[in-house]
Amino acid sequence: MTTRDILDDFFPRDASGRPILTTESGRLGVVVGGSLSKGLVVKLDSGQSVEELAVGRYVVVHGESRRFFCMINDVSLNSANPAIQNDPPDISDPFMREIYYGTAAYGTIHVAPMLMISEDGKPKPVKTIPGHFMSVYNATAEDVNDVFGAEDATHFNVGAPLELEHTQINLDLKRLVERSIGVFGKSGTGKSFLTRVLLAGVIAKGQAVTLIFDMHNDYGWEITDERGPKVKGLYQLFPSKVTIITLDAESSRRRNARYDFEVKLGYHEIEPEDIAMLKGTMNLTDTMIDAAYTLRKRWGEKWVKRLIDGRSDDIDEIVENSNIQGGTLTALQRRLERFERWEFLVPETVTDSVKTIIDLLVDKRQNVVLEFGRYGNSLEAYILVANYLTRRIHEAYVEKVEKALGDAAMEPPQLLITIEEAHKFLDPLIARQTIFGIIARELRKYNVTLLIVDQRPSGIDEEVMSQIGTRVTALLDNERDINAVLNGISGAPGLREVLARLDTKQQAIIMGHAVPMPVVVKTRGYNEEFYKAVMQGDPLDGKPAQSVLGTGGRSRRVN
Amino acid sequence: MSVHNLEIIGRVLRASTRGFCCGTNSANINQRHDFGAFVKVPITNDDHQWVIGLIYAVEIKDDLMISELVMAESVDPNVLRDQRANRMIPVEVSVLNIGYYDGDRFFHSLPPRPPMSLSEVSLCTSEEIATFTQRSEYLRLILQASEVPSDDLVAMALRFASLCYPGQEDRRAFMIHNGRQLARLLSNDLKRLSHILTLIRP
Ligand SMILES: Nc1ncnc2c1ncn2[C@@H]1O[C@H](COP(=O)(O)OP(=O)(O)OP(=O)(O)O)[C@@H](O)[C@H]1O
Ligand SMILES: [Mg+2]
Chain A
86 MTTRDILDDF
96 FPRDASGRPI
106 LTTESGRLGV
116 VVGGSLSKGL
126 VVKLDSGQSV
136 EELAVGRYVV
146 VHGESRRFFC
156 MINDVSLNSA
166 NPAIQNDPPD
176 ISDPFMREIY
186 YGTAAYGTIH
196 VAPMLMISED
206 GKPKPVKTIP
216 GHFMSVYNAT
226 AEDVNDVFGA
236 EDATHFNVGA
246 PLELEHTQIN
256 LDLKRLVERS
266 IGVFGKSGTG
276 KSFLTRVLLA
286 GVIAKGQAVT
296 LIFDMHNDYG
306 WEITDERGPK
316 VKGLYQLFPS
326 KVTIITLDAE
336 SSRRRNARYD
346 FEVKLGYHEI
356 EPEDIAMLKG
366 TMNLTDTMID
376 AAYTLRKRWG
386 EKWVKRLIDG
396 RSDDIDEIVE
406 NSNIQGGTLT
416 ALQRRLERFE
426 RWEFLVPETV
436 TDSVKTIIDL
446 LVDKRQNVVL
456 EFGRYGNSLE
466 AYILVANYLT
476 RRIHEAYVEK
486 VEKALGDAAM
496 EPPQLLITIE
506 EAHKFLDPLI
516 ARQTIFGIIA
526 RELRKYNVTL
536 LIVDQRPSGI
546 DEEVMSQIGT
556 RVTALLDNER
566 DINAVLNGIS
576 GAPGLREVLA
586 RLDTKQQAII
596 MGHAVPMPVV
606 VKTRGYNEEF
616 YKAVMQGDPL
626 DGKPAQSVLG
636 TGGRSRRVN
Chain B
737 MSVHNLEIIG
747 RVLRASTRGF
757 CCGTNSANIN
767 QRHDFGAFVK
777 VPITNDDHQW
787 VIGLIYAVEI
797 KDDLMISELV
807 MAESVDPNVL
817 RDQRANRMIP
827 VEVSVLNIGY
837 YDGDRFFHSL
847 PPRPPMSLSE
857 VSLCTSEEIA
867 TFTQRSEYLR
877 LILQASEVPS
887 DDLVAMALRF
897 ASLCYPGQED
907 RRAFMIHNGR
917 QLARLLSNDL
927 KRLSHILTLI
937 RP
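Structure, rendered in structure tokens:
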């Protein structure tokens with residue numbers, strides 16, 4: 086044996102002939118302590134820089150017979166002898182640094198075990214922890230796929246796990262749409278972009294039809310990206326699968342945006358329940374809402390118009406013959422007068438918008454984007470329309486599902502209803518009565534689930550929140566919002582650190598029903614590459630839409 | 737371990753399992769006797785087992801003649817040259833035992849028996865040093881030896897051992913590996929650690 090051979094045994098070399106000091110590549114350190122409830126403590130190997138280990142990153146502990154999938158939720162510095170803090174060594178010399186790091190001074194990471202992968206590659210809930218001194222590695226693509234699944238007919242790539250850019254998280258869309266979804270994050274963190282990625286996946290893989298109440302024209306046609314050029318809307322990605330309808334044709338024309346038809350709602354279709362939902366936004370009192378119910382009973386379906394017109398004999402008659410005060414009535418009248426500025430509200434409607442939308446969703450399996458145009462700036466209009474339409478669509482769904490008598494083939498397709506500013510709909514004060522509260526609570530019984538997008542999850546009724554199956558959350562900095570989002574999620578204390586430290590854009594934690602364990606993703610870029618990937622599935626791309634859809638009783642406008 | 741081509745440095749004078757002294761004369765003294773050198777000597781009544789040690793002291797003895805010359809007012813340069821070149825002044829080399837070889841592999845603990853007096857002590861070859869220093873447990877024996885200047889001895893021994901590695905990178909890697917070992921052993925005495933590290937810094 087020559088010195089050289091001995092040396093090669095002793096100091097393995099990398100490809101360029103430099104000795105490799107760490108023993109195994111990808112190894113981060115060893116488990117030195119911890120518990121199932123509090124997580125594991127991992128002492129980092131000397132070559133492992135603490136700075137590279139961001140919270141939220143995945144690591145895998147190789148136990149004796151299984152792998153433990155863990156998430157880093159804290160990083161700390163330690164020293165073997167606290168005295169070193171009084172007289173820190175000079176580490177400007179790399180030699181000294183290499184010696185001190187990992188021995189006298191070392192880093193530890195705290196990792197929360199999320200899942201175990203048994204020998205057959207199946208993820209299971211963690212019921213134990215790996216033993217002492219087991220090695221900890223970076224998660225590989227294979228590890229990630231064992232947990233989240235490989236990309237296939239129901240799994241859609243939504244982004245890369247943190248610090249593992251070469252791998253991707255394939256979200257189980259079937260599970261995603263099965264229960265309600267919440268997309269949270271403060272303003273500008275990429276909620277709308279992320280929602281579009283999720284919806285594009287759902288549409289591309291045909292896991293549900295969606296109805297999107299598109300407050301800020303974020304989904305249908307082109308979207309202005311605050312960073313520069315416009316990005317494509319869902320219609321442009323899936324021309325054969327998406328129908329755009331609008332409340333404000335004028336705005337669509339101005340934006341040069343395509344739409345398929347204009348929605349008009351009749352005054353006579355507005356019910357007191359719809360008004361009740363506007364309690365907070367329109368500053369209505371309980372007595373005003375009671376008055377609305379009384380008016381509806383006495384005047385029938387034309388009550389709204391009649392109140393706005395407010396003929397004095399009408400008003401007098403009501404004040405005399407009911408316990409409604411005149412003041413209440415005029416106050417309610419003044420508030421409802423706002424409706425007159427909304428051109429989509431008309432005294433009479435020719436077509437039944439609700440029926441048209443249901444036809445589109447159920448029979449044509451179209452995904453419907455309802456653009457609000459300029460009315461997007463009016464929360465009252467948004468809430469009124471969303472409530473109004475959803476209530477009736479839900480009624481139709483209930484009827485259809487009940488008629489199907491459990492025959493899955495007869496049931497309408499899974500419907501995902503997307504709303505923004507969700508806390509306005511799901512405020513604890515009204516959540517019990519609103520249709521959205523009902524849908525969230527009844528789970529998937531009637532094949533309808535919600536995708537709520539919100540920047541203030543703390544404003545959402547707690548019970549509704551607990552029914553949200555999958556929570557996708559970008560950066561939140563308000564303590565109450567963070568609590569609201571993490572409430573009821575296992576491993577929450579660890580996630581808190583991670584959540585508060587997400588990037589301000591394009592990063593999110595996905596947790597809940599659709600994922601076997603919470604995961605931090607760098608959201609897939611919504612860009613040319615994304616379009617190409619999802620459009621491959623749409624053979625009609627680029628062809629004029631009419632030739633495929635036919636007129637079907639609708640007038641399709643093309644600008 | 738072969739007995740051929742040995743670089744003999746002397747013969748055992750006194751020995752214990754902790755260490756031994758070997759003697760030679762001044763004419764034979766050269767860099768083989770450097771402080772920190774790795775040496776080996778067969779164990780008493782056993783040709784297969786060898787003690788491995790480190791030289792930690794080299795002592796040049798005096799005698800009457802030398803004492804007289806030192807006292808003299810002036811010394812004739814010729815006498816001085818003659819004294820140095822031709823007289824045999826006894827030299828004692830002290831060795832700390834740091835391990836042994838059992839005919840098959842190295843152990844980093846004290847040998848089972850000391851070497852026998854008059855056994856030939858020789859330098860270890862670089863292969864032997866490289867193999868012996870693959871593991872670092874012997875460092876503890878040096879650090880704990882109270883009778884020797886252990887900080888300097890550790891540093892010197894590591895410098896010696898690192899010279900067995902041909903390349904710059906390898907030497908550095910070796911030093912870092914051992915430096916880290918020292919950092920672990922001396923985590924409760926950071927001043928001492930930092931002193932030794934300064935001594936072995938390339
Ligand atoms: N996945 C992504 N791909 C490309 N760009 C993104 C992505 N996510 C976020 N961005 C960038 O971040 C910006 C803000 O994103 P977005 O409009 O979705 O935020 P938001 O949370 O919906 O904000 P608001 O609360 O104001 O509606 C986008 O204009 C875009 O530049
Ligand atoms: Mg947005």
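Protein chains in written order, with the working numbering: chain A, 86 to 644; chain B, 737 to 938.
Beta carbons are placed, not taken as given, at the ideal position from N, Cα and C, and that holds for glycine.
Computed from a predicted model, the values in this text were never measured in an experiment.
- For G597 (chain A), the secondary structure class from DSSP, reduced to helix, strand or coil, is strand.
- The beta carbons of P215 (chain A) and D231 (chain A) sit no closer together than 8 Å.
- Runs of the alpha helix (DSSP H) spanning 4 or more residues and lying entirely within the stretch 811 to 882 of chain B occur at 813 to 822, 862 to 868, 874 to 880, in chain order.
- Burial check for K326 (chain A): the Cβ neighbour count within 10 Å reaches 16 or more, so the residue is buried.
- Around A342 (chain A), the same chain offers W306 as residues with beta carbons nearer than 6 Å, after the five sequence neighbours per side are excluded.
- In the DSSP assignment, L200 (chain A) falls within the beta strand (DSSP E) that extends over 190 to 202.
- Among the residues of the stretch 124 to 140 of chain A, those with a Cβ less than 9 Å away from any Cβ of chain B are S131, in the order of the chain.
- Bounds of any alpha helix (DSSP H) do not take in M602 (chain A), whose DSSP letter is neither H nor E.
- Per the CB criterion, closer than 6 Å to any heavy atom of ligand 2, the qualifying residues run in chain order as A:K276, A:S277, A:D303.
- Under the 8 Å Cβ criterion, the stretch 585 to 596 of chain A counts as touching the stretch 268 to 283 of chain A, having at least three qualifying pairs.
- Membership of L790 (chain B) in the beta strand (DSSP E) is indicated by the continuous run 786 to 796.
- Assignment of F278 (chain A) by DSSP, reduced to helix, strand and coil, places it in the helix class.
- Around I184 (chain A), the beta-carbon contacts reaching into chain B at under 7 Å are I912, G915, R916, A919, L933.
- Taking a 10 Å sphere around the C-beta of M824 (chain B), we find fewer than 16 other C-beta atoms and assign the residue as exposed.
- Under the 10 Å beta carbon count, L854 (chain B) is surrounded by fewer than 16 other beta carbons and is classified as exposed.
- The Cβ atoms of Y616 (chain A) and K364 (chain A) lie no closer than 8 Å to each other.
- Looking only at A:V196, A:M181, A:G544, the smallest Cα-Cα distance to V145 (chain A) is reached by A:V196.
- In summary, the residues of the stretch 180 to 210 of chain A whose CB is separated from some CB of chain B by less than 8 Å are F180, M181, E183, I184, Y185, G187, T188, A189, in the order they occur in the chain.
- Identification of chain A residues near R937 (chain B) by a Cβ-Cβ cut-off of 8 Å yields D178, F180, M181, ordered along the chain.
- Secondary structure at D178 (chain A): coil, using DSSP grouped into helix, strand and coil.
- Taking a contact as a CB-CB distance under 8 Å, the pair L380 (chain A) and V470 (chain A) does not count as one, their CB atoms being some 21 Å apart.
- Within chain B, the residues whose beta carbon sits less than 7 Å from that of P174 (chain A) are S930, listed in sequence order.
- Using beta-carbon distances, I169 (chain A) counts as an interface residue toward chain B, with a partner under 8 Å.
- Placement of the Cβ of L279 (chain A) at a distance of less than 7 Å from at least one heavy atom of ligand 1 is found.
- When DSSP states are grouped into helix, strand and coil, Y222 (chain A) belongs to the strand group.
- Partner residues in the beta bridge of L536 (chain A), as assigned by DSSP, are A:I266, A:T503.
- Contact between V827 (chain B) and V794 (chain B) holds, with the beta-carbon distance rounding to 7 Å and staying under 8 Å.
- N166 (chain A) reaches chain B at S923, N924, L926, counting residues in chain order whose Cβ is nearer than 7 Å.
- R529 (chain A) and H353 (chain A) have their alpha carbons spaced roughly 31 Å apart.
- Excluding the 5 residues flanking it on each side, I169 (chain A) has same chain C-beta neighbours closer than 7 Å at A189, A190, in chain order.
- At the C-beta level, Y222 (chain A) and G148 (chain A) stay beyond 8 Å of one another.
- DSSP, read as helix, strand or coil, puts I545 (chain A) in coil.
- Counted as a single uninterrupted DSSP element, the beta strand (DSSP E) harbouring T331 (chain A) occupies residues 327 to 331.
- Annotation: the continuous alpha helix (DSSP H) that includes L474 (chain A) extends over 464 to 489.
- The beta carbon of G141 (chain A) sits closer than 6 Å to the beta carbons of L247, V583, V605 from its chain, once the five residues preceding and following it are set aside; these are given in chain order.
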